[in-house]
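Asks:
Residue numbers (this note's numbering): 1 to 558.
#1: Can you tell me whether residue 155 is helix, strand or coil according to DSSP?
#2: Since residue 67 and residue 56 are thought to touch, with beta carbons under 8 angstroms apart, how far apart are those beta carbons, to the nearest angstrom?
#3: Are the Cβ atoms of residue 557 and residue 320 separated by less than 8 angstroms?
#4: Hey, how far is the Cα of residue 412 from the Cα of residue 455?
#5: For the region 427–444 against the region 474–492, do three or more pairs of beta-carbon atoms, one drawn from each stretch, fall closer than 8 angstroms, so that the two count as touching?
#6: DSSP has residue 555 in a bridge; who is on the other side?
#7: Comparing alpha-carbon positions, which option in 156, 232, 272 and 548 lies nearest residue 176?
#8: Tell me, to the nearest whole angstrom, how far the beta carbon of residue 163 is from that of residue 143; I am working on the premise that it is less than 8 angstroms.
#9: Here's the rule: buried if 16 or more other CB atoms are within 10 angstroms of the residue's CB, otherwise exposed. What is residue 260?
#10: With a threshold of 6 angstroms on Cβ separation, who are the neighbours of residue 157 within its own chain once the five nearest residues in sequence on each side are excluded?
#11: Which residue or residues does DSSP assign as beta-bridge partners of residue 381?
#12: Considering only the beta carbon of each residue, do residue 331 and residue 357 sit closer than 8 angstroms?
#13: What do you reckon, are the CB atoms on residue 348 and residue 386 nearer than 8 angstroms?
#14: Compare the C-alpha of residue 396 against each of 408, 338, 457 and 362 and name the closest.
#15: Across which residues does DSSP place residue 116 in a beta bridge pair?
#16: With H, G and I counted as helix, E and B as strand and the rest as coil, what does DSSP make of residue 189?
#17: Any idea what DSSP makes of residue 208, helix, strand or coil?
#18: Can you name, in chain order, every residue of its own chain whose Cβ lies under 6 angstroms from the Cβ of residue 64, other than the five neighbours on each side?
#19: Once you ignore the five residues that flank residue 272 on each side, which residues in its own chain have a CB closer than 8 angstroms to its CB?
#20: Can you tell me whether residue 436 is helix, strand or coil according to DSSP?
#21: Threshold first: 3 residues or longer. Then list the beta strand (DSSP E) segments lying entirely within the region 256–340, N to C.
#22: What is the DSSP secondary structure of residue 13, reduced to helix, strand or coil?
#23: Just the Cα atoms here: how many angstroms apart are residue 306 and residue 367?
#24: Around the Cβ of residue 408, are there at least 16 other Cβ atoms within 10 angstroms (buried) or fewer (exposed)?
#25: What's the C-alpha gap between residue 510 and residue 294?
#26: With DSSP collapsed to three states, give me the class of residue 201.
#27: Can you give the Cα-Cα distance for residue 430 and residue 403, rounded to whole angstroms?
#28: By DSSP's criteria, residue 56 is part of a beta bridge. Which residues make up the other side?
#29: Can you round the beta-carbon distance between residue 62 and residue 153 to whole angstroms, since I take them to be within the 8 angstroms contact cut?
#30: For the pair the region 210–227 and the region 237–246, tell me if three or more CB-CB distances fall below 8 angstroms.
#31: If I measure Cβ to Cβ from residue 405 and keep anything under 7 angstroms in the same chain, skipping five residues before and after, which residues do I get?
#32: On the three-state DSSP scale, how would you describe residue 247?
#33: State the DSSP-derived secondary structure class of residue 177, mapped to helix, strand or coil.
#34: Which whole runs of the alpha helix (DSSP H) in the region 348–395 are 4 residues long or more, in chain order?
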């Protein structure tokens, strides 16, 4: 696509010096991003140009042309050399209203094609891939107003002509410049269409608040998907977490950005001012959202704001307890004690049911509260241990053992008979009692180590005259139906699974390589036991089969 035919036979030549060569090699090619970034940089130069009121961007697969109607640029040999030598510095106005503070637009463009820049009747050509350090500066009979940049795309730097990526490129440019007229008296046209006259509120659904100040134009609303799009002086930069808010922030002054212009640098004074106003808007918006409608992100934001001095949020129910109920910041801070538990901690949930302030430790709002205490922004009550407190109140950590008569006898008897038959085939010991249990999340669990069986559990085993000092507990979710063959097959797999555990299987047990090896060995070896029991039931019926085994369930019935 790119051609090295000059438009005139008379031109002077120049060559970039050693320092410039390093810039060309390291800054232009190694730092170059996609074509839209190169076009953006050139367009920014046009927006920054003194006197500019209109920037036109025309993109085709062959070339991109960017023109502005500003005062133009004096394209002398001295100016071109100076521009290239100081490629990392601005060649535009230095005030806060300008966008092109880096002056690297040409650097991005040079990596994507042969570049011809024209102001008045002066032209300069660059072809970094073919001419490398050379440029050509000459006068032409054709004169332009303002400044014109043409990029003849290198074929290996752009998509194929029929690629849908070209549509994406245009959409990207529209997205970047769509709010430009909010902050600058300059129109941006892309492929003949004016695209810079949009307003952020046009994109928002539902209730939103417009905040128009000296430093920013903001359109915000409460949202669980809390991302805020940031535009620096009308140019899209990045998305930031809005802490409970979603929307758009268009700053009226330039933000200090990294070289790629996709991140705000630390210490940016303009952004610090914007953040203050964003915080005020957040407080106002979230104050109007009821506790029953606040999102997780909104709850976290309210706790963050309380940490930072917004005492008006003290009575908001934004903290989640271990039982799923909500509580206020004030209720937690004024409690005699506070505890933290995760969702799997049964004792924590039960303590919360009893009125204790047990907060869900994995909840972001809780984590904000803890962070506030660590930074000495607030003072939490004394923290107590969940398990110790539960034990002192006689509260179990779930996994309750039930009296035999409170559990359906058929699955319990079937499981005990299965254990006896499986023991004759298993390569591992199955010397554990089968007992009924209750838990909201487990089909079954086991405690194979006698030293870890609690006194209460040992007392339970004694009360049912068990011959074993360890056990496997099954719950009413261990089976999907009471049909005999369904029970046999489902209980067989569950028992094999629990007997493969060599340690406590409550909570989040270890399912490592050793467990899987034992489970597969037990399952393969004991399959005949399950088949034998099903055949017995088919032949003699459930009642007769139950009667011939010493299963220890006095109320057994088929």
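We put the beta carbon where it would ideally sit given N, CA and C, even for glycine. Predicted, not measured: the structure shown is a model, and the values here were computed from it.
Replies: If we stick to the structure as given:
#1: If DSSP states are grouped into helix, strand and coil, residue 155 belongs with the helices.
#2: Yes, they are in contact, since the Cβ atoms of residue 67 and residue 56 sit about 5 angstroms apart, within 8 angstroms.
#3: The beta carbons of residue 557 and residue 320 sit no closer together than 8 angstroms.
#4: Going by the C-alpha atoms only, they are around 23 angstroms apart.
#5: The region 427–444, when compared against the region 474–492, does touch it at the 8 angstroms Cβ threshold.
#6: Its beta-bridge partners do not exist; DSSP assigns none.
#7: Considering only 156, 232, 272 and 548, the residue with the shortest C-alpha distance to residue 176 is 232.
#8: In fact, because the Cβ distance is near 36 angstroms, the residues do not count as touching under 8 angstroms.
#9: By the neighbour-count criterion, in which 16 or more other beta carbons inside 10 Å mark a residue as buried, residue 260 falls on the exposed side.
#10: Answer for residue 157: 112, listed in chain order.
#11: DSSP lists no beta-bridge partner residue for residue 381.
#12: Result yes, Cβ atoms of residue 331 and residue 357 sit closer than 8 angstroms.
#13: Yes, the Cβ-Cβ distance between residue 348 and residue 386 is below 8 angstroms.
#14: For residue 396, the nearest C-alpha among the options comes from 457.
#15: Looking at the DSSP assignment, residue 116 forms a beta bridge with 125 and 150.
#16: If DSSP states are grouped into helix, strand and coil, residue 189 belongs with the strands.
#17: If DSSP states are grouped into helix, strand and coil, residue 208 belongs with coil.
#18: Cβ neighbours of residue 64 beyond the five flanking positions: 39 and 151.
#19: In its own chain, leaving out the 5 sequence neighbours on each side, no residue places its CB closer than 8 angstroms to the CB of residue 272.
#20: Here residue 436 sits in strand by DSSP.
#21: For the region 256–340, whole beta strand (DSSP E) runs of length 3 or above, ordered along the chain, are 317–320 and 326–328.
#22: Residue state, collapsed to three classes: strand.
#23: Residue 306 and residue 367: Cα-Cα distance of roughly 13 angstroms.
#24: With fewer than 16 Cβ atoms within 10 Å of its Cβ, residue 408 is classed as exposed.
#25: When the Cα atoms are used, residue 510 and residue 294 turn out to be separated by approximately 37 angstroms.
#26: Helix, per DSSP.
#27: Cα-Cα distance, rounded: 22 angstroms.
#28: Among the bridge pairs identified by DSSP, residue 56 is matched with 67 and 189.
#29: About 6 angstroms; that satisfies the 8 angstroms criterion.
#30: Segments in contact, yes.
#31: Cβ neighbours of residue 405 beyond the five flanking positions: 555.
#32: In the three-state scheme derived from DSSP, where H, G and I count as helix and E and B as strand, residue 247 is classed as strand.
#33: Helix, per DSSP.
#34: With a minimum length of 4 residues, the continuous alpha helix (DSSP H) runs that stay inside the region 348–395 are 364–374 and 386–392.
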